[in-house]
């Protein structure tokens, strides 16, 4: 991978996931200079976090539609992770832990702790609120920063291919959230 | 033989195959007109899995289609057949099934 291509990939993924960090309520550190293995680790981590959150939601919710939504997150983000792994293999990259991955995991841990205090409809609302914010943040980053500034055709195609799935997840989450009632404040 | 005789007589036509592509989290085309007896094939071009599953009284289902996989349905009774992806409820499609 050329140096300019590496910098582009690093910038793009860092912007996506610092936006996601904001969605989790975590203040991101300034974008670090990541190596290819670290960038790959960040991508896998971000998908894995949403999968783990969905698995937790499946154990907590009693709402069939929310359970189905969580299953879709597991399935879809798993499929995206498989593509990311294939791309990493193609590029000869072995994912390596790093500060951005650790920040993502820290934010996810906080979000998980907040959700663990909730039960029933309050849990469902909070989980879906988080999913709406998470997917909106990633979508905004793709639309406003990543696609317009990305020069690498392979990376731009990957972003373009993934975007509709993120948008559909967002609409699905909003739709479900709307069905759960008007309460916008979640509590114990 | 009977079908071909009907075709020759202009009283019917041989069944044909139609393809619906699933790409960008949409069915293309979203509305498809076919004749009873025709076959509809869905092919998933997306990274994520999809289904094409009948809504309402009809009960056909392609099952989960991974990227590159196909599912098929032979259109039977005429009328409108609505369907959706069970994994992504915001995705909808419609078959309009006419007489052969």
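Protein chains in written order, with the numbering used here: chain E, 616 to 803; chain D, 2 to 101.
Positions of the beta carbon are idealized from the N, C-alpha and C atoms, including for glycine.
- By Cβ distance below 7 angstroms, which residues in the same chain neighbour residue 807(E) in space, the five residues on each side in sequence not counted? Any answer about residue 807(E) is impossible in this case: the structure gives chain E only from 616 up to 803.
- Task: Would you please verify whether the beta carbon of residue 91(D) is less than 9 angstroms from any beta carbon of chain E?
- Result: Taking Cβ atoms only, chain E reaches closer than 9 angstroms to residue 91(D), which makes this a yes.
- Residues from the segment 21-32 of chain D in contact with chain E, defined by Cβ distance under 9 angstroms: Residues passing the 9 angstroms Cβ filter: 24, 25, 26, 27.
- Query: Roughly how many angstroms separate the alpha carbons of residue 64(D) and residue 53(D), rounded to a whole number?
  - Reply: 7 angstroms
- Report the neighbours of residue 787(E) on chain B: residues whose CB is nearer than 8 angstroms to its CB, in chain order. Chain labels in this structure do not include chain B; the protein chains are E and D.
- Query: Would you report the Cα separation of residue 740(E) and residue 99(D), rounded to the nearest angstrom?
  - Reply: 44 angstroms
- Message: I'd like the ranges of any beta strand (DSSP E) spanning at least 3 consecutive residues and lying wholly in the segment 15-46 of chain D.
- Response: 18-24, 27-29, 32-36, 40-45
- Message: Would you say residue 68(D) lies against chain E (beta-carbon separation less than 9 angstroms)?
- Response: yes
- Mind checking whether residue 42(D) and residue 81(D) have CB atoms under 9 angstroms apart? no
- Query: Can you tell me the Cα-Cα spacing of residue 687(E) and residue 727(E), whole angstroms?
  - Reply: 19 angstroms
- Query: Is the Cβ-Cβ distance between residue 88(D) and residue 35(D) less than 9 angstroms?
  - Reply: no
- What is the C-beta distance between residue 32(D) and residue 75(D), in whole angstroms, given that I count them as a contact (C-beta under 8 angstroms)? In fact, because the Cβ distance is near 19 angstroms, the residues do not count as touching under 8 angstroms.
- Query: Measuring CA to CA, which of 712(E), 672(E), 677(E), 725(E) is closest to residue 659(E)?
  - Reply: 712(E)
- Compare the C-beta of residue 681(E) against all C-beta atoms of chain D and say whether one is closer than 9 angstroms. no
- Task: Mind reading off the beta-carbon distance from residue 39(D) to residue 24(D)? Whole number of angstroms is fine, and I expect it under 8 angstroms.
- Result: About 22 angstroms; that fails the 8 angstroms criterion.
- Query: Quick one, which residues of the segment 683-714 of chain E are near chain D if we go by CB-CB under 7 angstroms, in chain order?
  - Reply: 687, 690, 691, 694, 695, 698
- Task: Out of 20(D), 29(D), 66(D), 77(D), point me to the one whose CA is closest to residue 60(D)'s CA.
- Result: 77(D)
- Query: So, do the segment 745-758 of chain E and the segment 704-721 of chain E have three or more beta carbon pairs nearer to each other than 8 angstroms?
  - Reply: The segment 745-758 of chain E vs the segment 704-721 of chain E: no contact.
- Between which two residues does the beta strand (DSSP E) containing residue 723(E) stretch? Run containing residue 723(E): none in the beta strand (DSSP E); it sits in the alpha helix (DSSP H), 714-731.
- In or out: residue 676(E) buried (at least 16 other Cβ within 10 Å) or exposed? By the beta-carbon neighbour count (other beta carbons within 10 angstroms, threshold 16), residue 676(E) is buried.
- Task: Would you mind giving the Cβ-Cβ distance between residue 691(E) and residue 780(E), rounded to the nearest angstrom? I have them listed as a contact below 8 angstroms.
- Result: 6 angstroms
- Whose Cβ in chain D lies nearer than 9 angstroms to the Cβ of residue 665(E)? Ordered by position in chain D, no residue passes the 9 angstroms Cβ test against residue 665(E), which lies about 13 angstroms from the chain.
- DSSP beta-bridge partners for residue 55(D)? Residue 55(D) is bridged to 84(D).
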